[in-house]
Amino acid sequence: MPTLQRDWWALPTLQSTNVTLTYVLMRNLTRNPLRTGLTAVAFALPMGIFVLALSLVVVLTEAAAKNEKQLRLAVRNKMALTGYLPDGVRRKIEELDPQRQRLRAVCAMRWFGGRVPDTQDTLTSLACDVDTFPVVYSDFELSPEEGARWQSERRAAVVGDGVARTHGWHVGQRVELKSTIPPYLRLEFMIVKIIANSSPPNMFYFRRDYLRDSLEADGATGAGCNLIWVKCTSAANLRALQQEIDALFANSPSETKSEDENAFISGFVQAIGDIPGLARSMALVVVFIIALVAGNSMMMSFRERTSELAVFKALGFPPRRVFGLVLAESLLLALLGSLLGIVPTATGLALIPRQMLISASFSPPRFSALAVVGALTIGIVVGLLAGVWPAYQALRLRTTDALRRVA
Amino acid sequence: MSAADIELVEVHKHYRKGRIDIPALDGLSLTINAGALVAIMGPSGSGKSTLLHLVGGLDSPTSGAVRVGEAQLARMSERELTAWRSRHVGFIFQMYHLVPVLTAAQNIELPLLLFHMPASERRRRVDTALEVVGLTDRRDHRPSQLSGGQEQRVAIARAIVTDPDVLLADEPTGDLDAKTSEEILNLLSLLHADFGKTIVMVTHDPRAAAYGQRVLHLDKGVLDRDEVNPRVAQAVRV
Ligand SMILES: Nc1ncnc2c1ncn2[C@@H]1O[C@H](COP(=O)(O)OP(=O)(O)OP(=O)(O)O)[C@@H](O)[C@H]1O
Ligand SMILES: [Mg+2]
């Protein structure tokens, strides 16, 4: 017969901390390892994709921000992207600001539609005015030697890192492109510069005088351009010039449409497919799916435990602590799953050199702390949302009914 | 050696199911002395569990007064009832209701987590409770590794570890065979005799009811018969 000392049975004050349930929480997670594992994976996979998609959006957003800083205005034929503008347009634009107060330089370009021979790889190839190209694209940072070679070498080409990597091109190499536009010229070029972080990665700039001469030698006309870039001195000047240029050519045979670089690119990109929009809606769908999957599995796992939660309440655990217990479990599982997806993806993005992934057609996402924080936040929110309903059920649970039901 | 008396005055408990009003308890009045071991019998649906839940502060009556020791339960808020329960009541259920992921010792420790108490103190109490129910050698077993009788003994240890004034048992032997039932009933008798607990036990089994000093018969929410069990009433010794 055990003897009890009655005096130490006296109970101290009720405590209000929540840490004591941590153990129960941890044990609950390991109660059904298969289900915990599957739920975590259900979180991990979409979260990994989510980080990728978000990183991609971040890269594109950064590129857009970078473009904005360049203060470039794109002037094109109002009727069609591929329509021509007379060569005189450049001069008329320059005459709007002879003192070069509001615009720095104007560079006209012409589509070449070049394709690497014997491949399906069509590059974004543009023939540019030789004199102003280095000014308008000062962000390419041509060194004095590179600039000199661009000026002296008629076949000079400045190419994106993606296309360079795909075809193993290097500076000083002779390469050939075949035009997909009549008269289907086949031209030889000499690479003078590879652009780091080119966006898109398959850019191919070369000299317009070279194209004009080659076209005329072939009996075709070399006059006309498709696109005129105006490098401005300020955002306000850019907006003003945009109005003035379009007004200048209004009611002329070659009406223009001017827009800033990002508007031009997004218009251009939308013609192919809205990638940032796609990435965003993909991310939304993904979040929705994990919320459903996780929520459902939380509900199932708590429904099985109704009487157990009721016991906690019967023993005198305040409802809010039972609420907390359920919510914390959901949150912990969500966090676990999210990290399982986010950490390897982010590590991969951070460690695998971008150069290994880049290609002519694909601009790979870069590691982005913003994407990681964003994904983690979404994971936490989804975990909370998935747990709130079962936790609320636990809070409202009528102890008497729950205990009767099983008995 | 804490124990409390119990007094119910004109207690009504009605459940509403849609339009239908179910009177689970219909003006029930009764008194149970401190330190008594009382059995409650009655047909299914007669309100036995309802009575136990009201006495244990798990639910509030529709009308009437419920007093346990000093506490006027009908006047207390849900929050007050919750705090009161943790200190003054121990529940024992037919289905034991142990937390499956916790060991016997951890299950018993659970109610102590509500109190400011060093781990060593909790351990001391858990050890004592384990000793009382005779399961010291099973302290690290999970419920799934225990027999039904052992599980119920863990549940009893969990119910007494806070030294409550009242123990409320709803068909504690309903799921056990005759021999194990007897062990459990002996244990309850011991808690009653040695520690002076007030014990209210609902049962369908006349042999279990025979352990009570008093047997209350409920029918349709009212007291039908109130028997004193002379044999047991005298044998308050172990
Ligand atoms: N939440 C509820 N809603 C509606 N009716 C209820 C509810 N809980 C209990 N009842 C009804 O109250 C009455 C008494 O129920 P109680 O559980 O107290 O009976 P009992 O005597 O314990 O029965 P048993 O021996 O089957 O356990 C029953 O008619 C039951 O259907
Ligand atoms: Mg019952």
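So the sequence lines, in the order shown, correspond to chains R and Y. With our numbering, you'll find the first sequence wraps up at 420, consecutive numbering, no jumps. With our numbering, you'll find the second sequence wraps up at 260, consecutive numbering, no jumps. For each residue, glycine too, the CB sits at the ideal point set by N, CA and C.
Terminal residues of the alpha helix (DSSP H) in which residue i lies
i, result
"R/L354", "Reading the sequence as shown, one finds Gly at residue 354 of chain R and not Leu. Counting along the chain, the alpha helix (DSSP H) containing R/G354 begins and ends at 332 to 364."
"Y/W106", "100 to 110"
"R/W402", "382 to 409"
"R/S165", "157 to 165"
"R/V148", "146 to 149"
"Y/S203", "200 to 217"
Where residue i falls, given that 16 or more other Cβ within 10 Å makes a residue buried
i, result
"R/L416", "buried"
"Y/S66", "exposed"
"R/V64", "buried"
"R/R19", "Interpretation of R/R19 is limited by its pLDDT of 40, a score under 50 that renders its predicted location unreliable; the figure taken from the coordinates is listed afterwards. It is exposed - the Cβ of R/R19 has fewer than 16 other Cβ atoms within 10 Å."
"R/V171", "buried"
"R/A263", "exposed"
"Y/M23", "Only weak support exists for where Y/M23 lies, its pLDDT of 49 falling under 50; the value from the coordinates is given anyway. Result: exposed."
"Y/V183", "buried"
"Y/E131", "buried"
"R/V184", "exposed"
"R/P46", "exposed"
"R/E342", "buried"
"Y/Q256", "Summary for Y/Q256: the model assigns pLDDT 49, below 50, so the residue's position carries little reliability, and this model does not support an answer."
"Y/E193", "buried"
"R/P213", "buried"
"R/T35", "exposed"
"Y/D185", "buried"
Terminal residues of the beta strand (DSSP E) in which residue i lies
i, result
"R/V60", "The question names Val, but residue 60 of chain R in the sequence shown is Met. Taken as a continuous stretch (DSSP letters only), R/M60 belongs to no beta strand (DSSP E), being part of the alpha helix (DSSP H) at 46 to 83."
"R/Y218", "216 to 220"
"Y/D43", "42 to 54"
"Y/D246", "244 to 250"
"Y/H138", "No beta strand (DSSP E) contains Y/H138, which DSSP labels as neither H nor E."
"Y/K70", "Taken as a continuous stretch (DSSP letters only), Y/K70 belongs to no beta strand (DSSP E), being part of the alpha helix (DSSP H) at 70 to 77."
"Y/I62", "59 to 63"
Backbone CA spacing between residue i and residue j [nearest angstrom]
i, j, result
"R/G396", "Y/P122", "24 Å"
"Y/E29", "Y/D48", "16 Å"
"R/L84", "R/A399", "46 Å"
"Y/H214", "R/L353", "54 Å"
"R/P15", "Y/E153", "For R/P15, the predicted structure reports a pLDDT of 42, less than 50, and the residue's modelled location is therefore unreliable. The matter cannot be settled from this model."
"R/W182", "R/G175", "10 Å"
"R/F146", "R/V300", "44 Å"
"R/L297", "R/T269", "38 Å"
"R/T412", "R/S320", "8 Å"
"Y/A191", "R/G61", "52 Å"
"Y/Y37", "Y/G86", "15 Å"
"R/D152", "R/A233", "34 Å"
"R/S267", "R/K91", "8 Å"
"R/V401", "R/A248", "48 Å"
"R/K191", "R/D134", "10 Å"
"Y/L245", "R/L408", "34 Å"
"R/F217", "R/I194", "16 Å"
Selection from the options that minimises the alpha carbon distance to residue i
i, options, result
"Y/G277", "Y/L212, Y/D199, Y/E193", "Residue 277 of chain Y is absent from the model: chain Y starts at 23 and stops at 260."
"Y/K201", "Y/A230, Y/M117, Y/E92", "Y/A230"
"Y/W106", "Y/P194, Y/T150, Y/A96", "Y/A96"
"R/G96", "R/W124, R/L116, R/L73", "R/W124"
"Y/F115", "Y/S85, Y/T150, Y/L74, Y/R89", "Y/L74"
"R/A57", "R/A407, R/A404, R/A388", "R/A388"
"R/A209", "R/L116, R/E154, R/P130", "R/E154"
"Y/R180", "R/T390, R/P332, R/F325, R/L345", "R/F325"
"R/A140", "R/M122, R/P157, R/A78", "R/M122"
"Y/N251", "Y/D241, Y/Y233, Y/H110", "Y/Y233"
"Y/G69", "Y/D241, Y/P140, Y/R101, Y/P186", "Y/D241"
"R/T390", "R/T179, R/F217, R/A407, R/L349", "R/L349"
"R/E81", "R/A363, R/A327, R/M312, R/E272", "R/E272"
"Y/G243", "Y/A25, Y/V77, Y/H34", "Y/H34"
"Y/L80", "Y/T104, Y/E92, Y/G64, Y/I62", "Y/T104"
"R/L305", "R/G50, R/A55, R/R44", "R/A55"
Cross-chain neighbours of residue i in chain R, by beta carbon under 7 Å
i, result
"Y/L80", "A327, T412, T413"
"Y/S166", "Those do not exist, as Y/S166 stays about 11 Å from chain R at its closest Cβ, beyond 7 Å."
"Y/L132", "L328"
"Y/S71", "R417"
Partner residues on chain Y for residue i, Cβ-Cβ distance less than 8 Å
i, result
"R/E321", "H119, V121, P122"
"R/V335", "Near R/V335 there are no residues of chain Y at all, since even the closest Cβ is about 10 Å away, more than 8 Å."
"R/R44", "P122, V123"
Per-residue contacts from residue i into chain Y (C-beta, under 7 Å)
i, result
"R/L349", "Here the premise fails: no neighbours, minimum Cβ distance about 17 Å."
"R/R40", "V123, L124"
Partners in chain R for residue i, counting only beta-carbon separations shorter than 8 Å
i, result
"Y/S108", "L27, L328, G329, F330"
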